[in-house]
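In full-length UniProt numbering, the protein residues as written are 1 to 157. For every residue, glycine included, the Cβ atom is placed at its ideal position computed from N, Cα and C.
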């Protein structure tokens, strides 16, 4: 495997590790900064978010150890981040790293939105937030295509 491919894999690995660490730090800060009542449901959602961020860190570490397996796991990690939505009482958003999102807000007509975010997480079942939107994380989508291309090159070697 040539140096250019190794450097690209290393950059993606560092991005995923940094995104996971930032996500864990932000989750802990949100849970324990005193502005939120930490009940059992908040802890469960916090642990779920933490698990996803740990998965991102492990994907990054795996890229250093086993390129092929790390690339497959990294694709899974990015697929989880591509679509974010909120409809009625269901919502999901997971970003480990950077999100440049393009979406549609359907609450007051069809409004196209552009959103930026660093590592963030939102999960909701049974709580109507009064929001109706769906979006696509362009960074995750780009990374999936990049990871697929790298996986093909790694398989060739």
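- [ ] May I have the straight-line CA-CA distance separating residue 149 from residue 8, to the nearest angstrom?
- [x] 11 Å
TODO: Find out if the Cβ-Cβ distance for the pair residue 56, residue 101 is shorter than 8 Å.
DONE: no
Open item on the list: Alpha carbons only, please: which of 125, 26, 6 is nearest the one belonging to residue 95?
Closed with: 26
Open item on the list: Can you look up residue 127 in the DSSP assignment and give me helix, strand or coil?
Closed with: coil
Task: Where residue 7 falls: helix, strand or coil (DSSP) - done: helix
- [ ] Less than 8 Å between the CB atoms is what I'm expecting for residue 136 and residue 79, so what's the real figure, rounded?
- [x] At roughly 12 Å, the Cβ-Cβ gap does not stay under 8 Å, so residue 136 and residue 79 are not in contact.
- [ ] Reducing DSSP to helix, strand and coil, say where residue 120 ends up.
- [x] strand
Task: Buried or exposed by the 16-neighbour rule on C-beta atoms within 10 Å, applied to residue 42 - done: exposed
- [ ] Identify which residue in 47, 34, 60, 31 has its Cα closest to the Cα of residue 76.
- [x] 60
- [ ] Given a cut-off of 8 Å, decide if residue 107 and residue 131 are closer than it, judged by their beta-carbon atoms.
- [x] Cβ atoms of residue 131 and residue 107: closer than 8 Å.
TODO: Just tell me which of 133, 18, 15 has its CA closest to the CA of residue 89.
DONE: 133
Task: Nearest neighbour of residue 68, chosen from 1, 142, 141, 17 [CA to CA] - done: Among 1, 142, 141, 17, the Cα nearest to that of residue 68 is on 1.
Task: When 124, 84, 128, 91 are compared against residue 138, the one with the closest alpha-carbon - done: 84
Open item on the list: Mapping the DSSP letters down to three states, classify residue 240 as helix, strand or coil.
Closed with: Past the boundaries of the shown model lies residue 240; the chain is included only from 1 to 157, so the question cannot be answered.
Task: Three-way DSSP call (helix, strand, coil) for residue 158 in this model - done: It is not possible to answer for residue 158, since the shown part of the chain is limited to 1 through 157.
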